[in-house]
Structure formats: C-alpha cells, structure tokens
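Asker: Position one of the sequence shown corresponds to residue 422 (my numbering), numbered consecutively onward.
For every residue, glycine included, the Cβ atom is placed at its ideal position computed from N, Cα and C.
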Amino acid sequence: MKKLVFGGIVVVVLVGAFVASSLYVGALNKKAYEEVSANTDAYISTFSKVAAKALSANRLLIGFDMEDEEDLAREFEEQIKKNTSFSFSPYKSGFLSSSARVTLYLKNDISLYGDMKFYNVPFGKRAEITLISPDLKELEADVFKDGIFAKVSISKGFGDAELEIKPIDINFGQDGENMLKLQGAKLSYGVNDEFKISEAKFELGLFEFGRTYGFFDNKRDFMLVKGAKSYQKYKEPVGLEDIFDLSKEITSNFKGSIERIEVDPGYSEFKVENWDFKGEMTLALAKGVVSGNVASGLKKFTITDNPRKKQQILNLADVKLELDFIKNLDAMLAGKKIDELPRAEFVLKNAQMLFDGKKIELTSDLSFAEVPVNGGAFYWLAEEDIKYNLHVSSKYSVRELFERYVKDGLMLEDNETFAIGDEIFKKDEKSGKYTLDVALEAKSLRTNPHILINGKDICETSFGAELVPCSGGIDDDDDDEGVWGFDDDDE
422 MKKLVFGGIV VVVLVGAFVA SSLYVGALNK KAYEEVSANT DAYISTFSKV AAKALSANRL
482 LIGFDMEDEE DLAREFEEQI KKNTSFSFSP YKSGFLSSSA RVTLYLKNDI SLYGDMKFYN
542 VPFGKRAEIT LISPDLKELE ADVFKDGIFA KVSISKGFGD AELEIKPIDI NFGQDGENML
602 KLQGAKLSYG VNDEFKISEA KFELGLFEFG RTYGFFDNKR DFMLVKGAKS YQKYKEPVGL
662 EDIFDLSKEI TSNFKGSIER IEVDPGYSEF KVENWDFKGE MTLALAKGVV SGNVASGLKK
722 FTITDNPRKK QQILNLADVK LELDFIKNLD AMLAGKKIDE LPRAEFVLKN AQMLFDGKKI
782 ELTSDLSFAE VPVNGGAFYW LAEEDIKYNL HVSSKYSVRE LFERYVKDGL MLEDNETFAI
842 GDEIFKKDEK SGKYTLDVAL EAKSLRTNPH ILINGKDICE TSFGAELVPC SGGIDDDDDD
902 EGVWGFDDDD E
C-alpha cells in the first residue's frame with residue numbers, strides 16, 4: 422500500500438512539474454514575442470547599420486570614396502520605415518502550444534504573413550513560422566498551396582540554437598517539357614547566445630529545370646542537381662556585422678557532396694556523378710585576400726555531343742585533386758600599394774584521373790602579380806608577371822590515350838595531335854611513363870610568352886611558330902605587339 426501511495430505521489434509530482442514547466446516555457450515564449458513586437462524599430466535600426474556597413478565595405482573595395490556610415494544607416498532606416506510596416510496579432514496562449522501572426526505590409530500593396538507556433542515543451546524552446554504570400558495563391562497548378570512558400574523553425578536546447586529554413590517542395594509542369602522541381606531543400610544555422618553563427622548546413626534533395634523552345638525543331642534546355650549537401654564550421658562564431666568588418670579575418674572549414682549533376686544547354690550533355698569536397702578557407706577583407714585549400718574527388722564526369730548521335734567526347738573517372746590557393750579579391754582596397762598585394766597562387770599539389778579508363782597524373786602551379794588598374798570610377802586587377810608550370814605523366818602515349826576517338830570517328834588517324842604528342846610526350850626509360858613538362862613566363866596575357874616544353878624553347882618544336890611569335894621572348898622589349906596583335910598600351 423505504501424508503495425502504491427508513494428508511486429501515486431511521484432506521478433502527481435512529475436505531472437505537476439511538467440505542467441508547471443510547460444506554463445513557464447509558455448510564459449517565456451509570450452515574453453519573447455511581446456519583446457519583438459515592442460522593439461521592431463530597434464531591429465530595423467540594427468539591420469540598417471549592418472546594411473550600411475556592408476555597402477561601405479563594398480564601396481571601399483571597389484575604390485569609391487566611402488560615405489559616412491552613420492548617415493547611410495540613417496537613410497536605410499528611413500526608407501525601410503517609409504515603405505514597410507508590421508502588424509502583430511494578439512498572442513494566443515495554450516497548454517502545449519501557443520500561436521500568433523506577424524504581417525509585413527509593403528508599399529506596393531503586397532503583404533507577407535508569418536503564422537507562428539510556439540511549443541511550450543520543457544527543457545527546450547521551439548517555434549515554427551509558416552511564411553505565406555496571398556499573391557501566390559493565384560498561381561496556376563496549385564504550386565504554392567494556400568500561398569505557403571517556406572517554413573522556418575527555431576529550436577534551443579542546452580547548446581546553440583538552430584535556425585532552419587525550408588522552402589516548400591515545388592512540382593510544376595510536365596516531365597520532358599517546361600518544368601520546375603524543387604525537393605528537400607533546407608538551410609540551417611547554428612546560432613549562439615550572442616546571435617552569432619557557428620555553423621551552416623545546406624541540403625538539396627532535387628532541383629530539376631527543363632525548357633522546350635524552337636518553332637520548327639524543338640530544342641530543350643535541361644538542368645538537374647540531385648543529393649547535394651554542404652557543411653561549414655567557422656573557427657570563431659560570426660555575426661552579421663563581422664562579415665563586413667574590414668578588421669576581421671573569417672576562417673571556416675567546409676565539406677560537401679553532390680550525388681549527381683546534369684546540364685544540357687541544347688548542344689552537349691554534361692554529367693557529374695558523386696562529387697565530394699572538403700577544405701579550409703580564410704576571408705581577409707583588410708588584406709583584400711581569400712586563401713585556403715581544397716581536396717576533391719569525382720567519381721565520373723562525361724561530356725556527350727548531341728549532334729553526333731550521343732557520342733561521348735570526354736570520359737573522366739575517379740578524379741582526385743588537392744589544391745592550395747591565394748587570390749586577391751576582384752577589386753583592390755583603396756590606398757593599397759602594389760607591393761602590398763600578395764601574388765595570386767594556385768598550386769595543384771596532386772591530381773589523378775582515369776581518361777577513358779587510362780590513368781593520368783599531373784601537378785601544376787600558377788602564380789601572378791595582380792596590378793591595380795584605374796578605370797575611372799572603378800578599380801580592377803590585371804595579371805602580370807605570370808609564371809606557370811605543369812607536369813603530366815601516364816604510362817600511355819597520346820595515341821593510346823585517344824585510340825577510342827579514332828575508333829568512334831571523332832579523330833582521324835593522321836590527326837596533327839598525334840604527331841605533336843609523339844614529339845613532346847616522351848617516354849622516361851627509368852619510370853616507364855610518358856611525361857610532359859611545360860613552363861610558361863609572360864609579362865602579361867597580352868605579351869609574347871616564354872614557353873618551355875620539356876626544358877626546350879617552344880620555338881624549337883615543329884609547331885611552336887604556329888602558336889606563338891618566335892621573334893622574341895619575355896625580355897624582348899622591342900616587340901610591343903602582343904600575341905593577339907594588339908599594342909600593349911592600348912586599352
């Protein structure tokens with residue numbers, strides 16, 4: 422009897438604790454909703470400051486004189502308040518869940534609704550927001566049922582909060598004709614107590630697009646992406662204001678995979694299967710540089726020529742590569758001196774692939790100085806002092822690598838490629854492999870490059886004179902005409 426009474430007391434206590442905690446979480450949710458509705462102006466002000474910082478950073482990067490950031494933020498805030506307004510419905514309290522609605526009105530008479538559902542669950546917080554646009558209800562084929570176009574969820578346990586954004590699945594049109602499909606798309610962020618992002622995830626089940634056009638002979642564009650996933654982890658959590666802070670360096674590790682990609686623009690089919698990648702990247706706005714490394718693997722990559730009755734013109738498999746890179750941003754920071762800009766570098770440390778089932782290995786490194794060019798209102802960078810080295814090896818000769826092309830009628834047996842291949846793709850007796858070494862130096866892409874093939878000047882080969890002018894090298898200052906026949910001083 423005592424055990425029964427004790428058990429009953431335990432049940433009552435647990436039920437009471439659950440009810441009390443649910444009411445407590447419900448009260449916290451109501452308080453959070455009321456704080457948001459009461460501080461809309463403060464959130465608009467914060468957003469305006471971030472937008473002003475982003476625009477200021479962008480203007481500085483492309484060489485514009487920077488406006489006063491506070492004035493810019495004030496202007497943004499005035500425009501937002503002038504063209505938008507918010508309406509918050511009363512908070513409807515419930516036991517296990519509560520609800521509310523937020524409405525955004527735009528000046529052009531378009532309105533967006535956010536139907537909010539708060540879960541009063543103990544030991545955690547969770548809210549879901551269904552985003553609705555009444556204008557989408559009018560679209561044909563019920564693509565956006567009830568005007569719903571996305572769902573947002575926010576959950577908070579003992580660690581970081583998780584923000585998840587899920588567009589609704591779309592299935593519009595018919596297979597083989599004009600169509601658009603979107604399935605399983607999801608974007609999520611890990612957010613700490615300071616509202617900074619610690620990690621980001623992306624998933625895509627399927628994206629498929631098809632378009633048929635042409636009056637007499639139907640042509641078709643097609644694109645498919647299936648099974649895409651990516652994950653990014655920041656070394657230090659990043660806030661919106663950090664992304665555009667020129668004093669910050671943002672470093673993150675990333676990894677991802679894509680099950681399948683197909684692209685058919687109407688003349689050739691490109692297919693990628695089982696692509697995975699991982700690496701590290703650092704964005705340093707103060708230095709104007711992005712750098713990092715990436716390792717990637719690709720199970721299969723093919724290009725099929727449609728006009729040639731679906732003949733395969735490229736077949737690569739088991740592709741693996743490792744790349745290190747340093748790249749100046751596309752525009753210089755105003756006030757930067759040329760000698761302060763690091764050389765851009767792309768170092769392919771290791772790459773290997775099967776070309777029609779035959780293994781090829783290669784390494785390469787490319788570096789160049791990026792020189793600021795003033796074009797009036799804009800700045801951009803021109804490549805100068807270019808240096809490139811390439812090493813290729815395979816146990817197969819060029820004729821063996823391309824034997825399928827001859828068999829399928831894509832190349833003639835007396836194609837000039839084979840003669841050039843025999844000349845420069847030499848067999849190394851020690852390793853038993855055919856090897857090719859290429860070294861290139863040029864003042865710029867428009868000047869005559871100095872090219873070495875297996876240590877010899879390209880002009881010493883039978884085909885060199887057909888590719889480059891052989892009257893001078895990289896240091897020939899008397900030859901002002903570039904390889905394209907333009908004067909180097911012409912703009």
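Apart from the five residues just before and just after K546, which ones in its own chain have a Cβ nearer than 6 angstroms to its Cβ?
Answerer: Answer for K546: K577, listed in chain order.
Asker: What are the boundary residues of the beta strand (DSSP E) that I679 is part of?
Answerer: Unbroken beta strand (DSSP E) run through I679: 670 to 685.
Asker: Identify whether F516 lies in helix, strand or coil by the three-state DSSP scheme.
Answerer: F516: coil per DSSP, three-state reduction.
Asker: Apart from the five residues just before and just after K699, which ones in its own chain have a Cβ nearer than 6 angstroms to its Cβ?
Answerer: Around K699: K676, A716.
Asker: Would you mind sorting D486 into buried or exposed? The rule is 16 or more other CB atoms within 10 Å of its CB.
Answerer: With a pLDDT of only 49 at D486, under 50, the local geometry of the prediction cannot be trusted, and the value read off the model is given with reservation. With fewer than 16 other Cβ atoms within 10 Å, it is exposed.
Asker: Could you spell out the range, first to last residue, of the beta strand (DSSP E) harbouring V889?
Answerer: That residue, V889, is in no beta strand (DSSP E); it is neither H nor E in DSSP.
Asker: Should F628 and Q604 be called a contact, given that it needs their Cβ atoms to be closer than 9 angstroms?
Answerer: Yes, these two residues count as a Cβ contact at 9 angstroms.
Asker: Please confirm whether E694 and E680 have their CB atoms less than 9 angstroms apart.
Answerer: For E694 and E680, yes; Cβs fall inside 9 angstroms.
Asker: Taking DSSP as the reference, what is the three-state secondary structure of D614?
Answerer: Three-state result, D614: coil.
Asker: Determine the extent of the beta strand (DSSP E) in which E862 is found, giving its start and end residues.
Answerer: Per DSSP, E862 belongs to the beta strand (DSSP E) from 855 to 865.
Asker: Starting from the Cα of K528, find the closest Cα among Y540, K474, K503 and give me that residue.
Answerer: Measuring from the Cα of K528, the nearest candidate turns out to be K503.
Asker: Only counting the same chain, and skipping five residues up and downstream in sequence, which positions put a Cβ closer than 7 angstroms to that of A621?
Answerer: Once the five neighbours on either side are set aside, the close Cβ partners of A621 are Y610, Q653.
Asker: Quick check on I845: does DSSP put it in helix, strand or coil?
Answerer: Helix, per DSSP.
Asker: What separation, rounded to the nearest whole angstrom, lies between the Cα atoms of K650 and E585?
Answerer: One C-alpha to the other measures close to 15 angstroms.
Asker: Looking at the structure shown, is G778 part of a helix, part of a strand, or coil, going by DSSP?
Answerer: G778 falls in the coil class under three-state DSSP.
Asker: According to the neighbour-count rule (16 or more other Cβ atoms, all chains shown, within 10 Å of its Cβ), is A473 buried or exposed?
Answerer: It counts as buried.
Asker: Closest to S532 by C-alpha separation, out of F507, T856, D489, would be which residue?
Answerer: Looking at the Cα atoms, F507 is the closest of the given residues.
Asker: List the residues that DSSP assigns as beta-bridge partners of Q604.
Answerer: According to DSSP, which records beta bridges pairwise, Q604 is partnered with L627.
Asker: Which whole-angstrom value is the C-beta distance of K816 and Q773, which I expect to be below 8 angstroms?
Answerer: K816 to Q773, Cβ: 12 angstroms. No contact.
Asker: Taking the alpha carbon of N875 as the point to measure from, which residue in D849, F593, S788 has its own alpha carbon closest?
Answerer: Measuring from the Cα of N875, the nearest candidate turns out to be D849.
Asker: Pick from H871, G568, S852: whose alpha carbon is nearest that of L861?
Answerer: Minimum Cα distance to L861 is reached at H871.
Asker: Give the DSSP-derived three-state secondary structure of V710 in the structure shown.
Answerer: Of the three classes helix, strand and coil, the one that applies to V710 here is strand, per DSSP.
Asker: Can the beta-carbon of K770 be found less than 9 angstroms from the beta-carbon of D745?
Answerer: Contact: yes.
Asker: Only counting the same chain, and skipping five residues up and downstream in sequence, which positions put a Cβ closer than 8 angstroms to that of D556?
Answerer: Result list for D556: I531, G568, in chain order.
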